[in-house]
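To keep things clear, I will list the structure first and then write my remarks on it.
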Amino acid sequence: MKYYNLKHSEEKVDFRTAAIKGQGKDKGLFFPENLPLFNEEFIQNLHQYSDEEIAYQCMKDFVGDEIPSEVLRKIVAETISFEIPLIKINDEISVLELFHGPTLAFKDIGAGFMSRCLSYFLENQQKKVTVLVATSGDTGGAVAHGFYNLPGIDVVILYPKNRVSPVQEKQLTALGKNIYALEVNGSFDDCQSLVKQAFSNEEINNTLFLTSANSINIARWLPQQIYYLLALKQWQQRENKIPVICVPSGNFGNICAGILAHLRGLPAEHFIAACNANDVIPEYLKTRAFNPKDAVPTLSNAMDVGDPSNFVRILELFNNEFDSLKNTISGYSTDDQETMHTITKVYNKYHYILDPHSAVAFTSLEQYLKENPGKKGFILGTAHPVKFPDAVEKAIKTKIEIPQSLEALMKKEKKTIEINSDFEELKRFLLNKN
Ligand SMILES: *Cc1c(COP(=O)(O)O)cnc(C)c1O
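Just so we're aligned, residue 1 is where the sequence shown starts under the UniProt record's numbering, counting upward by one.
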């Protein structure tokens, strides 16, 4: 399989190059040259296959012979080595819990797959590889855990001081070893801008082998298709309607992977892009005008994105045809007040605790089902509620239990290097860390 640059279609690279480089010329995103269709018998009978086999079948055509099949089987098996249950909340709505991985967020799966692929590709590299990443909270932890203890790889994470939740901070800062956490006196945008400057700095790139781990990397984007297959496997065993699939969305990588799987043959009645107050895509779907804005902070902070980077991939999937895109996706925007209201309501009615991101999705799906009676569906539960205790405990008026795996983590010591939002400070750190 070859991947072309969406900004310069003449630039074509293999899976390995796309995974290592992250993006192409002029920061163009890579996109697969063709969409390998699922075998119909396979898709109709998912329950006959193990989760590992499903994940392998999903990914193999994208990787081709660049990773030997037995290695790829091992990579996907390790990537999904925790439970991913589809839980019924009520008659119409189920939730696919994607938050039982090492950092209790769905990003564990994309980050886990990417880190293992990179580790395979870079095994025999002479130079140590430095993965540089900015995070607003969840990405950093998932990436840190994905790369933790891998030989020949250092991870440097920049995060905004005092702007991530206590659990998120521990996940970034308590690992040590090859994981370096830089606590930046500034915002997430400042962190991201520092990272961008580092990637374009000659002196740094002459000294270090830098690579990114951001969400636009195909090795993080593509494995997210697996969620939808594993959901469908469970869905098929108890429901006879084709599901409406609702995805809490920020950068739109997750939903874009779901639509990709759908175009390859995965049955889906409709997709819902569930957004918080950052409503660029719902507005686009309504008005056809795409107006990126500055992100506004919300309770579902991992979705605070004002200019979703995967939007261009969604357009590409539909050959830029607005009408066919609109037939497949609807968009909804939910504000913080409604989000809190949903967490309270779902807890009181069904005794199920939603995190703020999943609550945005629940609100949207409920609204869609009200407007389109007779349908059923599921939401993607993207984070464990314990990662957002302030909002959730306020909404349900109860303390949430900390899972055992987290208790140990919360007792560990935070280790960070504090820097100002100043490129010279980052540069000095990078050039002197080894
Ligand atoms: C990253 C994230 C999202 C948004 O996913 P995208 O692929 O960027 O749309 C939603 N929920 C949580 C908890 C996240 O961490």
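Think of the CB as a built atom: it goes at the ideal place given N, C-alpha and C, for glycine as much as any other residue.
From a predicted model like this one, the values you see are computed outputs, not experimental measurements.
For THR211, the uninterrupted beta strand (DSSP E) run begins and ends at 209-212, by DSSP. The nearest non-hydrogen atom of ligand 1 is less than 6 Å from the C-beta of SER249. For THR173, the CB contacts under 7 Å within the same chain, skipping 5 residues up- and downstream, are ALA181, LYS414, LYS415, THR416 in chain order. By the Cβ test, the region 387-401 is not in contact with the region 244-263, since fewer than three Cβ pairs between them sit closer than 8 Å. Distances taken from the Cβ of MET303 to the heavy atoms of ligand 1 include one shorter than 6 Å.
For ligand 1, a non-hydrogen atom lies closer than 6 Å to the CB of GLY253. Considering only ALA77, ALA383, ASN178, ILE242, the residue with the shortest C-alpha distance to LYS433 is ASN178. LYS375 and PHE209 have their C-alpha atoms roughly 51 Å apart. For THR139, the uninterrupted alpha helix (DSSP H) run begins and ends at 138-147, by DSSP.
Annotation for PHE322: no beta strand (DSSP E) segment contains it, though the alpha helix (DSSP H) segment containing it runs 322-328.
Contact annotation: the region 87-98 does not touch the region 193-209, with fewer than three C-beta pairs closer than 8 Å.
DSSP places LEU194 in no beta strand (DSSP E) but in the uninterrupted alpha helix (DSSP H) bounded by 188-199. Restricted to the region 205-288, the alpha helix (DSSP H) segments that are unbroken, complete and at least 4 residues in length are 218-221, 225-236, 253-263, 280-287, listed in chain order. At a Cβ-Cβ threshold of 7 Å, ALA105 and ALA383 count as neighbours. A distance criterion of 6 Å places the beta-carbon of THR382 in contact range of ligand 1, judged by its closest non-hydrogen atom.
The Cβ atoms of THR139 and LYS161 lie no closer than 7 Å to each other. Listed as beta-bridge partners of TYR332 by DSSP are ALA274. In this structure, ILE314 sits away from CYS246, with a CB-CB distance that is not shorter than 7 Å.
The residue from GLN48, ILE226, PHE147 with its alpha-carbon nearest to that of GLU123 is PHE147.
For ALA361, the shortest separation between its Cβ and any heavy atom of ligand 1 does not lie below 6 Å.
If the five residues before and after GLU239 are omitted, its C-beta is found closer than 7 Å to the C-beta atoms of LYS376, all from its own chain and listed in chain order. If you compare the alpha carbons of ASN278, ARG288, THR287 with that of VAL305, the shortest gap goes to ASN278.
Exclusion of the five residues before and after LEU46 leaves ILE54, LEU229, LEU232, LYS233, GLN236 as the residues of its chain whose Cβ lies within less than 7 Å of its Cβ. The criterion of a C-beta distance shorter than 7 Å is satisfied by ILE272 and LEU365.
THR398 has its alpha-carbon roughly 35 Å from the corresponding atom of ARG220. Rounded to whole angstroms, ARG428 and VAL184 show a C-alpha spacing of 14 Å. At least one heavy atom of ligand 1 lies closer than 6 Å to the C-beta of ASP138.
Rounded to the nearest angstrom, the gap between the Cα atoms of LYS349 and ILE343 is 10 Å.
Placement of the Cβ of HIS341 at a distance of 6 Å or more from every heavy atom of ligand 1 is found. Per DSSP, the continuous beta strand (DSSP E) segment holding ASP154 begins and ends at 153-160. Partner residues in the beta bridge of ILE379, as assigned by DSSP, are VAL95, CYS246.
A direct Cα-Cα distance of roughly 38 Å separates GLU66 from TYR284.
Taken through DSSP and simplified to helix, strand or coil, LEU172 comes out as helix. A Cβ-Cβ separation of about 20 Å leaves LYS27 out of contact with ASP14 under the 8 Å criterion. Membership of ILE54 in the alpha helix (DSSP H) is indicated by the continuous run 51-63.
Straight across, the Cα-Cα distance linking PHE388 with ALA359 is about 12 Å.
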